[in-house]
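The structure appears right after this line, and notes come after that.
Chains as they are written, first to last, in my numbering: chain G, 13 to 289; chain D, 13 to 289.
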């Protein structure tokens, strides 16, 4: 029978994929095998290095659960998430820039009424938010779904606080007739991504810090438009230049003081512009 | 600040790896990021495809436990394990060929005396094994450690039978003064790799079967020599040409009848030859 050497084994594996019924899956797996084998031939791992990689990936899966997604963290910290974002959302004039979803999104956040306080009494510097939802050609979009989530004043998401019985600093709104969503909250703070697991170990071993600059997350969905996944970052944050997940874009940095009614208070006014599908 | 597009993000990530203290880790991670980003740019995944990949890898980690290692199965079925083997053990005259370790190796198998029956009464066709351990230049190697493990007549390893209180068809021997290990067992059978998890799903989606041809596993270690990890396959098995993990080499296929004392019985005589370090 045919035997394989370190070059010919790649074609042997690709031959085995020829019977894949779905052409897209065949394309993806063919490319995955080619690039994975090229990587292995490039670094020429010892058996011990290979088993270390197996153990690392296994830990990444095993530490993941309903509220922690370590493979998304790995994708984020290796720039893969922002690369997928760049491929699917190239910059486009008149459309709000996108960034990573991150590991803390919850598909079913609590629905809240306009003008709610989503901090529910959590300590922190008060912030008023007033965002407007428009199409790329500036048409107002009432009844758009607007999900928001953020860290608290100590840098934790609700999912990282097992003592909380209910979601906090996380809400779903609908834009009103004027296409606005207004709510009260507290200022988000810079925070380290969860770094007590294998991804944190890898950051440490590669001399990297786990910090993200302060931001509010938004997911905005309206019928007939591409769903917008983005953040708004706080100007002046010391981690803007070295975000652990490469998520910062200039257009998403905001003063959080502009246009405030009262000096010394914090406010965020922003217009999101959605791309038609 | 600098912004990234789908090409420049790769250098941004590589820049972040510049502070890696260990040069080998920096080399491996730099190559990993380059090849991973090239793969992503090649297939241009949608957000949904990316999240499917995240969920797949998470399942691979989560189904793994003390007795099941799904990331090794993934590596095996994508030809990565045999590629790592080919890199580390190129064919060499006078040395026994190597093949994959597989996911069922146990680092602490029960120590058994020469001439033991390692089937402990399991049903199956009786087999007598007599292997000899030598160096590449044919020097006898007494007191070599010889681990053996195999499937039962229904195609299962002991680790796949939770009803077993003790290891079965798995043992550690020491070669005797004449450098031999002799034991009794049953014939191994062809078997499907565990395919009730994500790797099985992927095999099915790519039109592949999960079967491996019948074989005995051996791990042979002697001081001053490279540890040999290999199998001996049964000639005539219908899966020799399409082993799900690409592990078959011609030199490792054996009749399991040659040199038997009694016609109609099954026996395996083989000389393993180890490479000096």
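The C-beta atom is built at its ideal place from N, Cα and C for all residues, glycine as well.
Query: Measure the alpha-carbon distance for residue 238 of chain D versus residue 215 of chain G and round it to whole angstroms.; Result: 34 angstroms
Query: For the region 206-226 of chain D and the region 187-195 of chain D, state whether three or more C-beta atom pairs, one from each stretch, are separated by less than 8 angstroms.; Result: no
Query: Using the Cβ count rule (16 or more neighbours within 10 Å means buried), how would you classify residue 82 of chain G?; Result: buried
Query: Alpha carbon to alpha carbon, how far is residue 196 of chain D from residue 179 of chain D? Give it in angstroms, no decimals.; Result: 16 angstroms
Query: Between which two residues does the beta strand (DSSP E) harbouring residue 65 of chain D extend?; Result: Here residue 65 of chain D belongs to no beta strand (DSSP E); instead the alpha helix (DSSP H) covers 59-74.
Query: Could you give the DSSP three-state label for residue 52 of chain G: helix, strand or coil?; Result: helix
Query: Return the CA-CA distance between residue 168 of chain D and residue 160 of chain D, expressed in angstroms with no decimal places.; Result: 15 angstroms
Query: Please report how far the alpha carbon of residue 236 of chain G lies from the alpha carbon of residue 45 of chain D, in whole angstroms.; Result: 36 angstroms
Query: Once you ignore the five residues that flank residue 285 of chain D on each side, which residues in its own chain have a CB closer than 8 angstroms to its CB?; Result: 106, 107, 108, 146, 147, 148, 150
Query: From the DSSP output, in three-state form, read off residue 90 of chain G for me.; Result: coil
Query: How is the beta strand (DSSP E) around residue 145 of chain G delimited, first residue to last?; Result: 138-147
Query: With 8 angstroms as the threshold, decide whether the Cβ of residue 217 of chain G is near any Cβ in chain D.; Result: yes
Query: Under 7 angstroms, CB to CB, which of the residues in the region 105-139 of chain G have a partner in chain D?; Result: none
Query: Find the nearest neighbour of residue 201 of chain G within the set G:20, G:225, G:128, G:126, judged by alpha-carbon distance.; Result: G:225
Query: Relative to chain D, which residues along the region 255-266 of chain G have a C-beta separation below 7 angstroms, given in chain order?; Result: 258, 260, 261, 262
Query: Apart from the five residues just before and just after residue 271 of chain D, which ones in its own chain have a Cβ nearer than 6 angstroms to its Cβ?; Result: 281
Query: With 16 other CB atoms within 10 Å as the buried threshold, where does residue 220 of chain G fall?; Result: buried
Query: For residue 38 of chain G, I'd like the list of residues in its chain whose CB is within less than 7 angstroms of its CB, leaving aside the five on either flank, ordered along the chain.; Result: 29, 32
Query: Whose Cβ in chain G lies nearer than 9 angstroms to the Cβ of residue 205 of chain D?; Result: Within 9 angstroms Cβ-Cβ: nothing; residue 205 of chain D doesn't reach chain G, min ~14 angstroms.
Query: Can you say whether residue 261 of chain D is buried or exposed, counting buried as having 16 or more other CB atoms within 10 angstroms of its CB?; Result: buried
Query: Identify the continuous alpha helix (DSSP H) that holds residue 24 of chain G and give its terminal residues.; Result: 20-28
Query: Tell me whether residue 97 of chain D sits in a helix, a strand or coil according to DSSP, three-state version.; Result: helix
Query: Give the residues from the region 215-242 of chain G that approach chain D closer than 7 angstroms (Cβ to any Cβ), ordered along the chain.; Result: 217, 218, 219, 220
Query: If we count the other Cβ atoms within 10 Å of its Cβ and call it buried at 16 or more, is residue 115 of chain G buried or exposed?; Result: buried
Query: May I ask you to report which of helix, strand or coil DSSP gives residue 172 of chain G?; Result: helix
Query: Using a C-beta cutoff of 8 angstroms, does residue 35 of chain G count as contacting chain D?; Result: no
Query: Just to make sure I have the definition right: I need the residues of chain G whose C-beta is within less than 9 angstroms of the C-beta of residue 199 of chain D. Which are they?; Result: Per Cβ cutoff of 9 angstroms: no residues; residue 199 of chain D is ~21 angstroms from chain G at best.
Query: Mapping the DSSP letters down to three states, classify residue 193 of chain G as helix, strand or coil.; Result: strand
Query: Under 8 angstroms between C-beta atoms, does residue 57 of chain G make it to chain D?; Result: yes
Query: Check this for me: beta carbons of residue 63 of chain D and residue 66 of chain G, under 8 angstroms apart or not?; Result: no
Query: Note down, in chain order, each residue of its chain lying with its Cβ closer than 6 angstroms to the Cβ of residue 110 of chain D, except the 5 sequence neighbours on either side.; Result: 97, 101, 241, 242
Query: Tell me, which residues are paired with residue 198 of chain G by DSSP?; Result: G:138
Query: Step through the CB atoms of chain G and report whether any lies within less than 8 angstroms of the CB of residue 48 of chain D.; Result: yes
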